[in-house]
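>
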Amino acid sequence: MIELPTSIDWKLAVPIGVCTALDIMLSNMSLFYITVTFYTIVKSGGNVWNLLFSISLGHQRPSWPLVAVIVLISSGIGLASYGSAHFVLHGFVLVLAASVIGTLRWVLTQSLLQSMEDNYGAPRNKVLAVVYYVSPASALGLLPIALFTEASDYTSSRFLLDLQLLMMSLFFIFISGCLAFVLIFIEISLVKKTSALSLGIAGSFKDVTQVLLAVFIFGDELIAINVFGLVVATCGVLFYTFTHSKQSSDV
Numbered sequence: 001m002i003e004l005p006t007s008i009d010w011k012l013a014v015p016i017g018v019c020t021a022l023d024i025m026l027s028n029m030s031l032f033y034i035t036v037t038f039y040t041i042v043k044s045g046g047n048v049w050n051l052l053f054s055i056s057l058g059h060q061r062p063s064w065p066l067v068a069v070i071v072l073i074s075s076g077i078g079l080a081s082y083g084s085a086h087f088v089l090h091g092f093v094l095v096l097a098a099s100v101i102g103t104l105r106w107v108l109t110q111s112l113l114q115s116m117e118d119n120y121g122a123p124r125n126k127v128l129a130v131v132y133y134v135s136p137a138s139a140l141g142l143l144p145i146a147l148f149t150e151a152s153d154y155t156s157s158r159f160l161l162d163l164q165l166l167m168m169s170l171f172f173i174f175i176s177g178c179l180a181f182v183l184i185f186i187e188i189s190l191v192k193k194t195s196a197l198s199l200g201i202a203g204s205f206k207d208v209t210q211v212l213l214a215v216f217i218f219g220d221e222l223i224a225i226n227v228f229g230l231v232v233a234t235c236g237v238l239f240y241t242f243t244h245s246k247q248s249s250d251v
């Protein structure tokens, strides 16, 4: 694997890794205080930050259709989740920070991919190279936090003292790691082929699905405004697909 120039490594790869660690930490911490539905509402606003960061770094040209898409999706998901949110200030601050940092992470990833494209001798498989370059900073960013918050529980945990439970835990950790790697690989591939904003828009389908699963699994009730919100969010995604395909055909 060819080494990145030091300037690119410290300006992009390391910040992406740190943003990844902070996104995971803040998102998980917020769920101690807020519901999954409220988490979904705040996270859906990440498309707004995504658009702002993409425009600021020159990845997107500002346009009214893009603004309309973001407003449709964000307001739609908010309406779809209306009535079931329980506001807790510190939980809100945590998930809002995670939303901002998480979207910055993907916009910086797009910048890194473009820098590797322009860099002489860039590796052929750029997606795998991005995972390789940002993983150390991500791991080093999470390790101190994990040790500080949970180290005292490790020595007395039955999952560590019982060999059978330990092996089972390691197996599930390995499977989870493989699934996480595949997910990140696919997400970076999508950013490479389209843009960070496209990834955020596509993720809105996940938010809509999350609300629907809450209905079928946890018995959450949907009122008329919730159904209307789902329709609005879906229309926003379809409108973005239409405008993006039209722009691609005009190029």
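Mind the numbering: the sequence shown is residues 1 to 251 in full-length UniProt numbering, read in order. Ideal Cβ positions, reconstructed from N, Cα and C, are used throughout, including at glycine.
1. How should D207 be labelled, buried or exposed, when 16 other C-beta atoms within 10 angstroms of its C-beta is the threshold for buried?
2. Let's see if you can read the secondary structure: which residues bound the alpha helix (DSSP H) around L31?
3. Could you tell me the boundaries of the alpha helix (DSSP H) in which D153 lies?
4. Among V130, I77, V100, V42, which residue has its Cα nearest to the Cα of L113?
5. Spatial neighbours of S44 within its chain, please: C-beta separation below 6 Å, excluding the five flanking residues on both sides.
6. Do the CB positions of I101 and L22 come within less than 8 Å of each other?
7. Please tell me whether S111 and G46 are closer than 8 Å, where the distance is taken between their beta carbons.
8. For I225 versus Y33, is the C-beta distance shorter than 8 Å?
9. Compute the Euclidean distance between the alpha carbons of S204 and A139, then round it to the nearest angstrom.
10. How is V215 classed by DSSP in three states: helix, strand or coil?
11. Just the Cα atoms here: how many angstroms apart are A68 and Q210?
12. Hey, how far is the Cα of T243 from the Cα of P5?
13. Should residue 287 go down as buried or exposed, given a rule of 16 or more other Cβ atoms within 10 Å for buried?
14. Quick one: residues in its chain with C-beta nearer than 6 Å to the C-beta of L190, no 5 flanking neighbours on either side, listed in chain order?
15. Report the rounded CA-to-CA distance for S152 versus M25, giving the unit in angstroms.
16. Starting from L57, trace the alpha helix (DSSP H) both ways and give me its first and last residue.
17. Quick one: Cα of S56 to Cα of A180, how far?
18. If contacts are defined as beta-carbon pairs under 8 Å, then F228 and L79 qualify, I think. What distance do you get, rounded to the angstrom?
19. Would you call the CB atoms of V95 and S30 closer than 8 Å?
20. Would you give the residue range spanned by the alpha helix (DSSP H) that G177 belongs to?
21. Looking only at its own chain, which residues have a Cβ that is under 7 Å from the Cβ of S169, when we skip the five neighbours before and after it?
22. Just to confirm the assignment: which complete beta strand (DSSP E) runs, minimum length 3, are found wholly within the segment 69-113?
23. Who are the near neighbours of I145 in its chain, counting only those whose CB is closer than 7 Å to its CB and skipping five residues on each side?
24. Leaving aside the five residues before and after K192 along the sequence, list all residues of the same chain whose C-beta is less than 7 Å from its C-beta, in chain order.
Well, looking at it:
1. buried
2. Element bounds for L31: n/a, residue is neither H nor E.
3. 126-154
4. V130
5. S74, I77, D207
6. yes
7. no
8. no
9. 27 Å
10. helix
11. 23 Å
12. 37 Å
13. What is shown of the chain runs 1 to 251, which leaves residue 287 out entirely.
14. L199
15. 18 Å
16. Unbroken run through L57: none, as it is neither H nor E.
17. 29 Å
18. 6 Å
19. yes
20. 163-193
21. F159
22. none
23. M25
24. L113, K126, V127
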